[in-house]
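Comments concern the structure below.
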Amino acid sequence: MRKFFLFFIFFYTLQLSANPKVFARLGDVIYDNAVKIKKLKKIEGFRGYKGVIDNYIKEVNAAKEDGYLIDKSGTEIPKTTYLKKLRELIKKNDNFIRIVEQTYERAKIEENSRLFSQVINTGLINTDEHKKEILDYYFAHAKDMNTTGLIQSYLDEDAKLRAKKEAQRKRYKTKKEREAERIREIRERDRIEKERLEKKLQRELQQKKEQIREYQEEELKKTI
């Protein structure tokens, strides 16, 4: 009984740790998606798949335990047997993803906003690829949509982008204003310098006129 308890604790601890390292490139996809696939049972459109999902999750957990045993030295489980199991599971994983994508398309066509919102938050469709499509649907059905999750992240991202653009616009505007101020200062200095030169020329011209007049007066006195 004690050995069974320790064995249970061992595997429970493994379940909370990272995925098995052996064939991780394939295994990580399966194990990470299994959590998301399990949650599909909560979506009304997938309740008919409850038994299939439960069986799949059992297979995934069994394979995961095998993977941990292989990671641990001295296991008798052949790697080829484990790899074969992973290849079988990845096909089932891909099948679930296809069903999710089909449900996404159906929800969009039927304008089932509740189902549409649930599907885009499963983490099982390429939301980057469908981003514009998702946002277009949201803006067309905003009053019926729950923004929690992906939609809200898009809206927050968009708000940050708008704020960034506004900040850039303000910085650009400030730069233009500084440039305009600099031009105004240069023009003002030019105007002051021009006035100074004009006044100087006027003074010099006035002095010249006075000198000429004085000279003419002196010459006139000589003739009298």
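The sequence shown begins at 2 in the working numbering and counts up one residue at a time.
The beta-carbon is built from N, C-alpha and C at its ideal position, and this holds for glycine as well.
For Val23, there is no enclosing alpha helix (DSSP H), as DSSP marks it with neither H nor E. For Asn122, there is no enclosing alpha helix (DSSP H), since its DSSP letter is neither H nor E. Residue nearest to Leu87 within the set Lys65, Leu151, Ala108, Arg183 is Lys65 (criterion: CA-CA distance). The beta carbons of Leu116 and Thr104 sit closer together than 8 Å.
For a cut-off of 8 Å, the C-beta gap from Phe97 to Ile38 is around 5 Å, short enough to register as a contact. Looking only at Asn147, Lys93, Asp137, Phe140, the smallest Cα-Cα distance to Gln119 is reached by Asn147.
Lys51 counts as exposed, since fewer than 16 other C-beta atoms from the protein chains shown sit within 10 angstroms of its C-beta. The three-state secondary structure of Thr81, taken from DSSP, is helix. Cα atoms of Arg190 and Lys222: separation of roughly 48 Å, rounded to the nearest angstrom.
If you look at Asp137, you'll find it in the alpha helix (DSSP H) that goes 132–141.
Looking at the backbone, the Cα of Gly150 and that of Thr128 are separated by about 12 Å. Cβ atoms of Asp145 and Ser114 come within 8 Å of each other, at about 4 Å. Taking the C-beta atoms as reference points, Val61 is found no nearer than 8 Å to Tyr83. Per DSSP, the unbroken alpha helix (DSSP H) holding Asn56 starts and ends at 51–72. Residues of the same chain with a CB within less than 7 Å of the CB of Phe47, apart from the 5 flanking positions on each side, are Leu41 in chain order.
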